[in-house]
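Undergrad:
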Amino acid sequence: MTVPHTGCKLPLSRRAGWMTPPCARVAIKMCVLRHRATSLPTKEDMFDSLSDKLQGALEGLKGQGKLTEADVERAAREIRLALLEADVNFKVVKEFVSKVKERALGAEVLESLTPAHQFVKIVSDELTALMGATSTKLSFSPRPPTVIMMVGLQGSGKTTTCGKLASFLQKQGKSPALIAGDVYRPAAIEQLKTLGRQLDVPVYDEGDQVDPVDIARNGVAWARETGRDVAIIDTAGRLHIDERLMDELVRIRSQVKPHNILLVVDAMTGQDAVNVAQQFQEKVQFDGVVLTKLDGDARGGAALSVKAVTGRPIKFASTGEKLDSFDYFHPDRMASRILGMGDMLSLVERAQGAVDEKKALELEKKLRKSQFTFEDFLDQLEQVRKMGSLQSILGMIPGLSAGKLKNLQVDDRAFDRIQAIIHSMTSEERRHPEVINGSRRRRIAAGSGSDIQAVNQLLNQFKQMQKMMKQLGSGKMPKNPFQMMGM
Amino acid sequence: MSYNWAEVFRGVDAAAAVGPLATREERKRGWFRQLREGLTKSRKALQDQFSSILLDKFDEDLWERVEEALIYADVGVDTTISIVQRLEQAANAGGIADATQFLSVLRAISAEHFCAADTRIDVTAQPAVILMAGVNGTGKTTTIGKIAWHLKELGKEPLLVAGDTFRAAAVEQLTEWGRRVGCEVVRHDHGSDPGAVAYDGIAAARARGADVVIIDTAGRLHTQVNLMRELEKIERVVKKQIPEAPHETLLTIDATTGQNGLIQARLFKEAVNVSGVVLTKMDGTAKGGIALAISHELDVPIKLIGTGETLDALQPFDAAGFTELLFDESLLQG
Ligand SMILES: Nc1nc2c(ncn2[C@@H]2O[C@H](COP(=O)(O)OP(=O)(O)OP(=O)(O)O)[C@@H](O)[C@H]2O)c(=O)[nH]1
Ligand SMILES: Nc1nc2c(ncn2[C@@H]2O[C@H](COP(=O)(O)OP(=O)(O)OP(=O)(O)O)[C@@H](O)[C@H]2O)c(=O)[nH]1
Ligand SMILES: [Mg+2]
Ligand SMILES: [Mg+2]
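The listed protein sequences correspond, in order, to chains W and R.
All you need for my numbering is the position in the first sequence, starting with 1, plus 16.
All you need for my numbering is the position in the second sequence, starting with 1, plus 7.
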């Protein structure tokens, strides 16, 4: 497709989707590049990850022998900075870095790895281990309803998470109920009821003049009577130092004995996450954490802090305002995110889930022979769409934090438009776009409800893409994704 | 620090200010001071103990504690380095004699890192338009209630515009604040165009002679391109009716926010003409240091501080008070 003038001399493979199977890769690129792109990341931006900094700090070292103390010290400085910039609490950073130093000192540098790469691996392994040793499953009671209570600071996302969790459990065949335990925030009850209506999940409330402890108790009893097997209690946002409100949680806990208490933490939280988690832990003993607003570009170091000081696992990740943007938490992905290496694994997994392997192989063959047609392209588009919204896919790509993508308007509707145009072509036209003359273009435009310019644009871009395919097909793409990440 | 609410706004007639704001003496002492006094009980004793020590040799520990205090407050690495470097210069130039002076120089240098622009809220226009923006859950809607209440107390007639047509019950939430303040709320149906509500809000203010229009917007992450475009559009709609408006575009930043706050502020500033920051939730234990980084690096004044969930939990920003909180005497203690 059109390669825009961006001053960016990086190979396309570095900008988008290089770890996805080739067929998905092409379609992502296509839609990314179709749009006005005035500020694709510069080289500097792209290399602004820990691995690159380490590369700099350890320059000159050969991939042999042992790392010396001075090497380790230099690398440790970069790691410390990277973690601080990712909002990991500084005390946690101190401990963590000394652990990494210990492991790195005297470690044999593997032949296959650069010292920088080796370091990244140590850091990332340690991070993953620290964040993910324990189970992330909820505990379900043998005697329903299983009671889940959501707690946390103001605005962290508790109410939304109640809705999301209900929807998540609903999809697993459970029949959840919601309990409106926030009697303080204006319209909090209405907010939960609205979510309940959207999901067709019943919501229990007693208005805002009743003690939340009573509401919780009555709500759970009601859930039991009405045959719901999960009862999710929303609570008001509160500061960890607000004794009266913290005591309220303690009272709810001793009344209804929730099987799971989840602390909802905003991924953008800074150093104070440690205080918050510690206090909530001390007073209400939560079982796990939900990390919210991960759809932004915050590194999310708070996740590490919370885990480190409380030992409680992060169980769920919330990635948007819509009720289906919710999933189990993956420690390994979080590790690379904190280190500024993007959410590569999520991307790969989504691509793998969405892309049909056999088709991918076929396509690769076609690519090499430059027989790529509109039929193939349509196929790819559909596969990419299965991966989720384009915006969310792009957000996972390292160096392509959405901040940097600001002027790159990623519009999922572009998919619709392209699909509509291709659908209006005859199968002959799809296989042999060169037959599409002026009158055919007009017909396609009318048939797809677009204008002739849009059709022309697509045809031109397709031609250019075929050219690009030839280059890719001739093996100019590096194979090893790490190599491409500059590691 | 003492202040008068009438002076926090530009365009408010102090004589017209009646009600609790004018009479509640204690409030005028400033929240920072109150909080600090609560935190350090033996502050005076500590001060006496340390002010006599001559700091002719600045030990590494002290520097490290300064850095840690800044990092711990979420000030971030760059601004921390800038402050520490200036402090070093001052120390090398022999401008610091003892511990007390060390602390006051440190505070002064940090305070100078805040953008020096006017921190008052401009409501001189008739009607004046205030646009609230910020990422999800930072406190936009609540802050609107607080500002409206203060204006009302000061004799101005506010009008609220329910521009968050997206989040569940956002309209109802603002409506409830309007009820508590006793002012009108212009609202459309859930899911309708926020630009259209803003348009109607300004028209209504004109028709009914309201003084200040405050527009709520949906929380949005700075990374959501389409939503940032929507915000730009709301600003354009406002400008079409009143070219100088919005007279204030306030960005809410949650005090617990870490380094991401800087990117938030940068991208919001690129989208709309952010005139100031409201630093919310300062009643917690977070120090809100990201506000220092934002103000320093992006040249935006911090205008207001949110200190709770009630209508009166709002304070004008004060750089000196902020840095006193950032570095209390325990810093010297080691
Ligand atoms: N972008 C994004 N927004 C989210 C996410 N989770 C919640 N939000 C938004 O964050 C804001 C606050 O969410 P709520 O669910 O109301 O938070 P809360 O913790 O219940 O708030 P209080 O009850 O006031 O303490 C809303 O605008 C939500 O739509 C997420 O994962 N991503
Ligand atoms: N402790 C404390 N809580 C606050 C403060 N300001 C707002 N809150 C609380 O933070 C939560 C979110 O506030 P909202 O005003 O709904 O935030 P918002 O930015 O409008 O949220 P969205 O519209 O969902 O993006 C609510 O529970 C408020 O009561 C403050 O200064 N201190
Ligand atoms: Mg809530
Ligand atoms: Mg709001």
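The beta carbon of each residue, even a glycine, is placed where N, CA and C say it ideally should be.
Measuring only from the beta carbon, is GLN382 of chain R closer than 7 Å to any heavy atom that is part of ligand 1?
TA: With chain R running from 8 to 341 in the structure shown, residue 382 of chain R is simply not present.
Undergrad: Let me know if GLY243 of chain W comes out buried or exposed under the rule of 16 or more other beta-carbons within 10 Å of its beta-carbon.
TA: Translated into the one-based positions of the first sequence, residue 243 of chain W becomes position 227. GLY243 of chain W should be labelled exposed.
Undergrad: Return yes when the Cβ of THR251 of chain W is within less than 8 Å of the Cβ of PRO228 of chain W, no when it is not.
TA: Residue mapping note: residue 228 of chain W aligns to position 212 of the first sequence, counting from 1. Residue mapping note: residue 251 of chain W aligns to position 235 of the first sequence, counting from 1. Yes, the Cβ-Cβ distance between PRO228 of chain W and THR251 of chain W is below 8 Å.
Undergrad: Cβ of ILE323 of chain W within 8 Å of Cβ of THR152 of chain W?
TA: Start at 1 with the first residue of the first sequence, and residue 323 of chain W comes out as number 307. Start at 1 with the first residue of the first sequence, and residue 152 of chain W comes out as number 136. As written in the sequence, residue 323 of chain W is Lys, which differs from the Ile given in the question. Contact: no.
Undergrad: Would THR256 of chain R and LEU138 of chain R be called neighbours here (beta carbons separated by less than 8 Å)?
TA: Here the question's residue 256 of chain R lines up with position 249 in the second sequence. Here the question's residue 138 of chain R lines up with position 131 in the second sequence. Yes, these two residues count as a Cβ contact at 8 Å.
Undergrad: Helix, strand or coil, according to DSSP, for LYS117 of chain W in the structure here?
TA: In the first sequence, residue 117 of chain W corresponds to position 101, counting from 1. Here LYS117 of chain W sits in helix by DSSP.
Undergrad: Please name the residue, chosen from R:GLU277, R:THR149 and R:LYS310, that lies closest to ASP345 of chain R on a Cα-to-Cα basis.
TA: There is simply no residue 345 of chain R to check, as chain R begins at 8 and stops at 341 in what is shown.
Undergrad: How many Å lie between LEU261 of chain W and VAL290 of chain W at the Cα?
TA: Here the question's residue 261 of chain W lines up with position 245 in the first sequence. Here the question's residue 290 of chain W lines up with position 274 in the first sequence. LEU261 of chain W and VAL290 of chain W: Cα-Cα distance of roughly 19 Å.
Undergrad: So, do the segment 307-321 of chain R and the segment 92-102 of chain R have three or more beta carbon pairs nearer to each other than 8 Å?
TA: These segments do not touch.
Undergrad: Are three or more beta carbon pairs between the segment 160-167 of chain R and the segment 182-193 of chain R nearer than 8 Å?
TA: With the cut-off at 8 Å, the segment 160-167 of chain R and the segment 182-193 of chain R touch.
Undergrad: Excluding sequence positions up to five away, which residues of its chain have a Cβ less than 6 Å from the Cβ of ILE452 of chain W?
TA: Along the first sequence, read from residue 1 onward, the residue named residue 452 of chain W stands at position 436. Same-chain partners within the cutoff: GLU445.
Undergrad: Indicate the three-state DSSP secondary structure (helix, strand or coil) for GLU60 of chain W in the structure shown.
TA: In the first sequence, counting from the first residue as 1, residue 60 of chain W sits at position 44. Low confidence applies to GLU60 of chain W: its pLDDT is 34, below 50, so where it sits in the model is not reliable, and the reading given next is rough at best. Three-state result, GLU60 of chain W: helix.
Undergrad: What residue does the beta strand (DSSP E) around THR259 of chain R start on, and which one ends it?
TA: Indexing the second sequence from 1 puts residue 259 of chain R at position 252. Its beta strand (DSSP E) spans residues 255-261.
Undergrad: Quick one, which of R:PRO308, R:TYR79, R:THR224 and R:ASP290 has its alpha-carbon nearest SER199 of chain R's?
TA: Counted from its first residue, the second sequence places residue 199 of chain R at position 192. It is R:THR224 whose Cα lies nearest to the Cα of SER199 of chain R.
Undergrad: Taking GLN207 of chain W as the query, report the chain R residues whose CB atoms sit under 7 Å from its CB, ordered along the chain.
TA: Locating residue 207 of chain W in the first sequence gives position 191, where the first residue counts as 1. ALA175 and ALA176, listed in chain order.
Undergrad: For THR87 of chain R and ASP81 of chain R, what's the separation of their Cα atoms in angstroms?
TA: On the second sequence, residue 87 of chain R is found 80 positions in, with the first residue counted as 1. On the second sequence, residue 81 of chain R is found 74 positions in, with the first residue counted as 1. Their backbone Cα atoms lie some 9 Å apart in a straight line.
Undergrad: Quick one: Cα of GLY144 of chain R to Cα of MET147 of chain W, how far?
TA: Locating residue 144 of chain R in the second sequence gives position 137, counting from the first residue. Locating residue 147 of chain W in the first sequence gives position 131, counting from the first residue. Cα to Cα, the separation comes out at about 26 Å.
Undergrad: Excluding the 5 residues preceding and the 5 following GLU142 of chain W in the sequence, name in chain order all residues of the same chain whose CB lies nearer than 8 Å to its CB.
TA: Against the first sequence, residue 142 of chain W aligns to sequence position 126. If we look at GLU142 of chain W and ignore the five residues flanking it on each side, its Cβ neighbours are PHE112, LYS115, VAL116 and ARG119.
Undergrad: Would GLY18 of chain R and ALA135 of chain R qualify as a contact pair, given that the criterion is a beta-carbon distance under 8 Å?
TA: What you label residue 18 of chain R is simply residue 11 of the second sequence in a count that begins at 1. What you label residue 135 of chain R is simply residue 128 of the second sequence in a count that begins at 1. Yes.
Undergrad: What is the rounded straight-line gap between the Cα of SER89 of chain R and the Cα of GLU75 of chain R?
TA: For this step, residue 89 of chain R is matched to residue 82 along the second sequence. For this step, residue 75 of chain R is matched to residue 68 along the second sequence. Near 14 Å, if we compare the C-alpha coordinates of GLU75 of chain R and SER89 of chain R.
Undergrad: In chain order, what residues of the segment 84-105 of chain R put their CB closer than 7 Å to some CB of chain W?
TA: Of all residues in the segment 84-105 of chain R, VAL84 have a Cβ within less than 7 Å of some Cβ in chain W.
Undergrad: How long is the line joining the alpha carbons of ILE199 of chain W and LEU305 of chain R, rounded to whole angstroms?
TA: Locating residue 199 of chain W in the first sequence gives position 183, where the first residue counts as 1. Locating residue 305 of chain R in the second sequence gives position 298, where the first residue counts as 1. For clarity, residue 199 of chain W is Val in the given sequence; the question names Ile instead. Cα to Cα, VAL199 of chain W sits roughly 39 Å from LEU305 of chain R.
Undergrad: How many Å lie between ALA13 of chain R and LEU161 of chain R at the Cα?
TA: By 1-based counting over the second sequence, the position of residue 13 of chain R is 6. By 1-based counting over the second sequence, the position of residue 161 of chain R is 154. Using only the alpha carbons, I get a separation of about 7 Å.
Undergrad: Could you give the DSSP three-state label for ALA104 of chain R: helix, strand or coil?
TA: Residue numbering aside, residue 104 of chain R sits at position 97 when the second sequence is read from its first letter. Three-state result, ALA104 of chain R: coil.
Undergrad: Compare the C-beta of GLU251 of chain R against all C-beta atoms of chain W and say whether one is closer than 8 Å.
TA: For the purposes of this step, residue 251 of chain R is taken as the residue at position 244 of the second sequence. Chain W, which has no Cβ nearer than 8 Å to the Cβ of GLU251 of chain R, makes this no.
Undergrad: Check SER337 of chain R in the structure and name its three-state DSSP category.
TA: For this step, residue 337 of chain R is matched to residue 330 along the second sequence. SER337 of chain R falls in the helix class under three-state DSSP.
Undergrad: Taking VAL300 of chain W as the reference, give the member of W:LEU255, W:ARG315 and W:THR335 with the closest Cα.
TA: For the purposes of this step, residue 300 of chain W is taken as the residue at position 284 of the first sequence. Comparing Cα-Cα distances from VAL300 of chain W to each of W:LEU255, W:ARG315 and W:THR335, the minimum goes to W:LEU255.
Undergrad: Using a Cβ cut-off of 9 Å, which residues of the segment 138-151 of chain R contact any Cβ in chain W, in chain order?
TA: Answer in chain order: VAL142, ASN143, GLY144, THR145, GLY146, THR148 and THR149.
Undergrad: Less than 8 Å between the CB atoms is what I'm expecting for ILE249 of chain W and ILE164 of chain W, so what's the real figure, rounded?
TA: Within the first sequence, the letter at position 233 stands for residue 249 of chain W. Within the first sequence, the letter at position 148 stands for residue 164 of chain W. At roughly 7 Å, the Cβ-Cβ gap stays under 8 Å, so ILE249 of chain W and ILE164 of chain W are in contact.
Undergrad: Where does GLY491 of chain W sit, in a helix, a strand or coil, going by DSSP?
TA: As a first step, residue 491 of chain W is located in the first sequence; it is residue number 475 there, counting from the start. Bear in mind that a pLDDT of 44 at GLY491 of chain W, under 50, signals an unreliable position, so the number given afterwards is only what the model happens to contain. Reduced to three states, the DSSP call for GLY491 of chain W is helix.
Undergrad: Got a sec: does ligand 2 put a non-hydrogen atom nearer than 7 Å to the Cβ of LYS288 of chain R?
TA: The sequence position of residue 288 of chain R within the second sequence is 281, counting from 1. Yes, ligand 2 has a heavy atom inside 7 Å of this Cβ.
Undergrad: Between the segment 307-327 of chain W and the segment 94-113 of chain W, can you find at least three pairs of beta-carbon atoms closer than 8 Å?
TA: With the cut-off at 8 Å, the segment 94-113 of chain W and the segment 307-327 of chain W touch.
Undergrad: Would you identify the three-state DSSP class for ASN11 of chain R, choosing helix, strand or coil?
TA: Counting from 1 along the second sequence, the entry for residue 11 of chain R is found at position 4. DSSP places ASN11 of chain R in coil when its eight states are reduced to three.
Undergrad: State yes or no: is the beta carbon of GLU89 of chain W nearer than 8 Å to at least one beta carbon in chain R?
TA: By 1-based counting over the first sequence, the position of residue 89 of chain W is 73. Not one chain R Cβ lies under 8 Å of GLU89 of chain W.
Undergrad: Taking 8 Å as the threshold (C-beta atoms), are LEU310 of chain W and THR326 of chain W in contact?
TA: Translated into positions along the first sequence, residue 326 of chain W becomes position 310. Translated into positions along the first sequence, residue 310 of chain W becomes position 294. No.
Undergrad: For ligand 3, list every residue whose C-beta falls under 7 Å from any of its heavy atoms, going in chain order.
TA: Ordered along the chain, the selected set is W:LYS174, W:THR175, W:ASP198, W:ARG201, W:ALA204, W:GLN207, W:ASP250, W:ALA252 and W:GLY253.
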